[in-house]
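J.: According to the numbering used here, the sequence shown holds residues 1 to 95 in order. I have a structure here, written as structure tokens, and I will follow up with some questions on it.
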Amino acid sequence: GIVEIRSVRVGVVAIRAVHTGFYLAMNKQGRLYGSKEFSPNCKFTERIEENGYNTYASLRWRHRGRPMFLSLNSKGRPQRGGKTRRQHLSTHFLP
């Protein structure tokens, strides 16, 4: 479906599904879920990488001191944030 990326503040965004109105959120374990209410779990830092793609990391949660990134596997399913790194192509999204 169509998603809308809204700026919360400089470098921080919220991702919302237009059809359902749910916000994309990440919990402490790095799992992605849909939240009807906007909460701190719904905030992601957006970074434009050197290759021109965007990465999104949870603003609230980290795994062993490392950022947890929004990531999709080859089948389009979400991956847990604790297993992701900025360099992984699965974390790179078109702007």
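Every residue, glycine too, gets a C-beta built ideally from N, C-alpha and C.
Taking the beta carbon of valine 12 as the centre, do at least 16 other beta carbons fall within 10 Å, making it buried, or is it exposed?
T.: The residue is exposed, with fewer than 16 neighbouring Cβ atoms inside 10 Å.
J.: Which class does threonine 55 belong to by DSSP, given the choice of helix, strand or coil?
T.: strand
J.: So if DSSP puts isoleucine 2 in a beta bridge, which residue, or which two residues, is it bridged to?
T.: Beta-bridge pairing links isoleucine 2 to no other residue.
J.: Provide the residue span of the beta strand (DSSP E) that contains glycine 34, from first to last.
T.: 32 to 35
J.: Where does leucine 72 sit, in a helix, a strand or coil, going by DSSP?
T.: In this structure, leucine 72 counts as strand in the three-state DSSP scheme.
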